[in-house]
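*Asks:*
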Amino acid sequence: MTVHKVIFDTDPGVDDAMALLFLHLSPQIDLVGVVTTFGNGTIDQTTRNALYLVDRFKMNVPVARGAGKPLVGEPMDPPDFVHGQNALGNVAIPESFEGKADPRPAYRFIIDTVRAAPGEITIVAVGRMTNLALALREAPDIVPLVKQIVVMGGAFGISGVLGNVTPAGEANILGDPEAADEIAAASWPITFVGLDVTQQTLMPTEYLSALAKDGGEAGQFIWEVSRFYEAFHQAGGVPSIFVHDSSAVAYLLQPDLFETRTGAVRVSTEGITRGMTVQKPDTTSYIPGPWDGRPSHRVCTTVDSEGLRRLYRDTVVNAA
Ligand code: BDR
Ligand code: CA
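Letter by letter, the sequence shown follows residues 10 to 329 in our numbering.
(1) Under the criterion of a Cβ to heavy atom distance below 7 angstroms, does V202 qualify as lining ligand 4?
(2) By Cβ distance, which residues of its chain are closer than 6 angstroms to A148, with the 5 residues on each side in sequence left out?
(3) Could you spell out the range, first to last residue, of the alpha helix (DSSP H) harbouring F31?
(4) Can the beta-carbon of K156 be found less than 8 angstroms from the beta-carbon of T175?
(5) Candidates V274, R74, V43: which alpha carbon is nearest A194's?
(6) Could you tell me which residues DSSP puts in a beta bridge with Q157?
(7) Report buried or exposed for F90, applying the criterion of at least 16 other Cβ atoms within 10 angstroms of its Cβ.
(8) Which same chain residues end up closer than 8 angstroms to T210 when comparing Cβ atoms and leaving out the 5 residues on each side of it in sequence?
(9) Please report the Cβ distance between V234 and C309, rounded to the nearest whole angstrom; I am assuming they are in contact, meaning their Cβ atoms lie under 8 angstroms.
(10) Mind the definition here: the segment 216-235 touches the segment 184-193 only if three or more C-beta pairs lie below 8 angstroms; say whether that holds.
(11) Given this structure, state the Cα-to-Cα distance separating L60 from T293, to the nearest angstrom.
(12) Do you know how far the Cα of G203 is from the Cα of Y260?
(13) In whole angstroms, what separates the C-alpha of P21 from that of R146?
(14) Which residue wins for smallest C-alpha separation from A76, given the options A96, V258, R236, F118?
(15) Below 8 angstroms, can you find three or more Cβ-Cβ pairs linking the segment 99-110 to the segment 66-84?
(16) From F17, T19, S35, pick the residue whose C-alpha is nearest to that of Y321; which is it?
(17) Within the continuous alpha helix (DSSP H) that includes F47, where are the two ends?
(18) What residue from D64, T286, S196 has the CA that sits closest to R303's CA?
(19) Could you compute how far the alpha carbon of V12 sits from the alpha carbon of E279?
(20) What did DSSP end up calling I38 once you bin it into helix, strand or coil?
(21) Does at least one heavy atom of ligand 1 sit under 7 angstroms from the Cβ of Y179?
(22) Can you list the residues near ligand 2, meaning Cβ strictly closer than 7 angstroms to any non-hydrogen atom, in the order they appear in the chain?
(23) Tell whether a beta-carbon distance below 8 angstroms holds between V41 and V63.
(24) With DSSP collapsed to three states, give me the class of I182.
(25) Can you check which of these residues, V44, G82, V325, T282, is closest to A227 by C-alpha distance?
(26) In whole angstroms, give me the CA-to-CA distance for H33 and D39.
(27) Ligand 1 and V258: does any heavy atom of the ligand fall closer than 7 angstroms to the residue's C-beta?
(28) Please return the same chain residues whose Cβ sits closer than 7 angstroms to the Cβ of F47, not counting the five positions on each side in sequence.
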């Protein structure tokens, strides 16, 4: 069995919390660190949430606080209408709990951890790409040392899928498009798990209530934390929750659940298309343009949703 050493770069966040439990409970994952970013909450909130989750579920991993704002400009307001006031679906969390953040900022934690285990570290990035871009700026030598990066982010127009914050921009990419474009310029292997596939997979209410029954403390928490998030989806006409961040974890664990396309990826940083992700498939040829000379990355184009739900459920239930 392959065991993946993972740094989880996250903005918890309801679906981030669900993905963190997925990583923690999978026997195929050795979680070596959690780094936080602003996004679903402020950096204070997401870091506090990460520390809480790590403590409550006894993950015994360092948490390094990350960027509080994008490379350029100021952060967008946290989407409390999606993830709740506390970014954990308004599930009450204690005033105080054990654990404090690693003294290093997230980008430094990433650099140190990758250098200490060359070729072994996978980074699963499910928030803004700011920490990764800062690590890359500070230490470009880590590029060949990273095993792979799995990004939840982007909307590549497969089957007409648009952004979820603007028609062009998906939240993680629109939240820091400069960072996303910089990391896609580097030749470390990146797989983008975008809305094209994450919106194909839903976890129905009955699926989540079955997890609450069969999945022990984690299953019960997944149920509780997803109530507000589910209500947001339903208010928008989606029957239950989309599976965003856990799809990135599923890609790592079982890549054959997905089909992918390779090619250079650019992120628009201008005007009304700001945050738009556009891949030039390797199989195509165009006039000279901004994709030329950029490394090829994978973009997910299809997903076996049933298989993904099975993998998530089995992971949670088998650990209970
Ligand atoms: C992404 O944005 C956040 O709200 C989610 O946690 C996910 O990472 C989906 O666009
Ligand atoms: Ca997220």
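Glycine included, C-beta positions come from ideal geometry on N, C-alpha and C.
*Replies:* Checking against the coordinates, here is how it stands:
(1) What this structure holds is ligand 1 and ligand 2, not ligand 4.
(2) I120
(3) Counting along the chain, the unbroken alpha helix (DSSP H) around F31 starts and ends at 23-34.
(4) Not closer than 8 angstroms, so no.
(5) Ranking V274, R74, V43 by Cα distance to A194 puts V274 first.
(6) Answer is T131, bridged to Q157.
(7) exposed
(8) F251, V252, S256, V312, S314, L317, R318
(9) Actually they do not touch by this definition, with Cβ atoms about 25 angstroms apart.
(10) Because the criterion of three Cβ pairs below 8 angstroms is not met, the segment 216-235 and the segment 184-193 do not touch.
(11) Using only the alpha carbons, I get a separation of about 45 angstroms.
(12) 11 angstroms
(13) 25 angstroms
(14) F118
(15) yes
(16) S35
(17) F47 -> no alpha helix (DSSP H), and no H or E assigned at all.
(18) Minimum Cα distance to R303 is reached at S196.
(19) If you take the alpha carbons of V12 and E279, they lie about 40 angstroms apart.
(20) Looking at I38 - three-state DSSP - the assignment turns out to be strand.
(21) The question names Tyr, yet the displayed sequence has Glu at residue 179. Result yes, Cβ under 7 angstroms from ligand 1.
(22) T19, D20, G22, D24, D25, G48, N49, V135, G136, M161, N181, H253, D254
(23) no
(24) helix
(25) Comparing Cα-Cα distances from A227 to each of V44, G82, V325, T282, the minimum goes to V325.
(26) When the Cα atoms are used, H33 and D39 turn out to be separated by approximately 8 angstroms.
(27) no
(28) The answer, listed in chain order, is D20, T55, A76, G77, K78, P84, R137.
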